[in-house]
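Q: Okay, so the sequence shown: first residue is 1 according to UniProt numbering, each after it adds one.
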Amino acid sequence: MFEKLAFLCLLCLTTVNCDNVPTVANDFAFAYFNAWINESPPGVFLYAIVSNNNNATAHVTVTSPYPAFSTINVNVAPNSIFKIQITPQTIETDFPGDGPEGVIIVENKGIRLQSDQPVAVYAHAEIYEGTSADSFMVIPAIHLGNSYVAVTSGNDLNREAKLTNMITIVAYQDNTQINIGGKVATLNAFQTATLASKSSLSGTKITGSKPFAAISGNTCGQTYGDSCDYEAVSD
1 MFEKLAFLCL
11 LCLTTVNCDN
21 VPTVANDFAF
31 AYFNAWINES
41 PPGVFLYAIV
51 SNNNNATAHV
61 TVTSPYPAFS
71 TINVNVAPNS
81 IFKIQITPQT
91 IETDFPGDGP
101 EGVIIVENKG
111 IRLQSDQPVA
121 VYAHAEIYEG
131 TSADSFMVIP
141 AIHLGNSYVA
151 VTSGNDLNRE
161 AKLTNMITIV
171 AYQDNTQINI
181 GGKVATLNAF
191 QTATLASKSS
201 LSGTKITGSK
211 PFAAISGNTC
221 GQTYGDSCDY
231 EAVSD
């Protein structure tokens, strides 16, 4: 899965050596773009996976401006991993994937995770029946950049509705002016901007006036033969 991610769905900060970005911190900004496809039963599990390698309990708070989201407070035991379920699934950007193509969609769907101990965070999305899933490491807020380049999966299958290429960005500060491949928007803190396209978004340049998080991938990108899988990565 992770080898496939590295090859098919890379989103790399252009102004920082990606191999040297520390991944443990106290504050994180991220989002989930739409992972929903017409499966039975329909639905997606969303998780924030927190790794606490400290000798003290980490007190973690998860917030979002999304109206249907309720603040989560959990304690992560020392030297342990804790999986926090994120609900509702409608917090996914561009959910349920029937929005306009090729235009920026602005929503209040950013997620903030804060901890009083330095932790590492992974975002995980999984189709209910387990046929498609992926995780990505969430880059700490202190290391967010303002210039990225996206690479997404190809679209060689005949199931175009399941092959939407996605870019979602999360503003970390108010009045963040962003540009996704020439399309612009202004966001407040933890608003999201999403660009979806059935055409490849590989090479799309993403810039902002202030540091922001970026997630790139595919709702169901081609893997091999007629198979496809959810793909997402943040950097």
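Every residue gets a Cβ at the ideal spot worked out from N, C-alpha and C, and that includes glycine.
How would you write the range of the beta strand (DSSP E) that residue 187 sits in, first residue to last?
A: Residue 187 -> beta strand (DSSP E) spans 183-187.
Q: Is the beta carbon of residue 201 less than 8 angstroms from the beta carbon of residue 150?
A: Their beta carbons are under 8 angstroms apart, which means residue 201 touches residue 150 by this criterion.
Q: Would you report the Cα separation of residue 107 and residue 210, rounded to the nearest angstrom?
A: Distance between the alpha carbons of residue 107 and residue 210 is about 18 angstroms.
Q: For residue 83, report the span of its beta strand (DSSP E) as first-last.
A: That run of the beta strand (DSSP E) goes 80-85.
Q: Provide the residue span of the beta strand (DSSP E) that contains residue 201, from first to last.
A: Taken as a continuous stretch (DSSP letters only), residue 201 belongs to no beta strand (DSSP E), as it is neither H nor E.
Q: Which residue from 198, 164, 175 and 179 puts its Cα closest to that of residue 34?
A: Of the listed residues, the one whose Cα sits closest to residue 34 is 164.
Q: Counting Cβ pairs, one atom from each stretch, are 3 or more of them under 8 angstroms apart for the segment 170-189 and the segment 21-31?
A: Cβ pair count under 8 angstroms is three or more, so yes.
Q: By the three-class DSSP mapping on this structure, what secondary structure does residue 218 have?
A: The answer is strand: DSSP assigns residue 218 an E or B state.
Q: Between the Cα of residue 277 and the Cα atoms of 122, 199 and 207, which residue gives the shortest distance?
A: Past the edges of the chain, shown from 1 to 235, lies residue 277, and the structure says nothing about it.
Q: Give the straight-line distance between the Cα atoms of residue 213 and residue 234, rounded to the nearest whole angstrom.
A: Rounded to the nearest angstrom, the two C-alpha atoms are 7 angstroms apart.
Q: Does the beta-carbon of residue 217 have 16 or more other beta-carbons within 10 angstroms, so that it is buried, or is it exposed?
A: Flag for residue 217 reads buried.
Q: Pop quiz: residue 109 and residue 64 are said to be a contact at Cβ under 8 angstroms. What is the actual Cβ separation, rounded to whole angstroms?
A: Residue 109 to residue 64, Cβ: 7 angstroms. Contact.
Q: Restricting to runs no shorter than 3 residues, where is the beta strand (DSSP E) found entirely within the segment 89-166?
A: If we require 3 residues or more, the beta strand (DSSP E) runs fully inside the segment 89-166 come out as 104-107, 111-127, 133-137 and 145-150.
Q: Apart from the five residues just before and just after residue 96, which ones in its own chain have a Cβ nearer than 6 angstroms to its Cβ?
A: Cβ within range, chain order: 36.
Q: Taking C-beta to C-beta, are residue 193 and residue 180 nearer than 8 angstroms?
A: The answer is yes: Cβ separation under 8 angstroms.
Q: On the three-state DSSP scale, how would you describe residue 44?
A: Strand.
Q: Comparing alpha-carbon positions, which option in 50, 54 and 78 lies nearest residue 123?
A: Nearest option by C-alpha distance: 50.
Q: Please determine if the segment 130-147 and the segment 68-84 are in contact, where contact requires at least 3 C-beta pairs separated by less than 8 angstroms.
A: No, they do not touch.
Q: Sorted by chain position, which residues of the same chain lie with C-beta nearer than 8 angstroms to residue 203's C-beta, five sequence neighbours on each side aside?
A: So the qualifying residues of the chain are 149, 150 and 151.
Q: Between 45, 102 and 111, which lies nearest to residue 60 when the distance is taken from Cα to Cα?
A: With distances taken between Cα atoms, residue 60 lies closest to 111.
Q: Could you tell me which residues DSSP pairs with residue 27 in its beta bridges?
A: According to DSSP, which records beta bridges pairwise, residue 27 is partnered with 114.
Q: Note down the Cα distance separating residue 174 from residue 80, rounded to an integer number of angstroms.
A: When rounded, the distance between both Cα atoms is 34 angstroms.
Q: Using only CA atoms, which one of 83, 100, 98 and 91 lies nearest to residue 44?
A: With distances taken between Cα atoms, residue 44 lies closest to 91.
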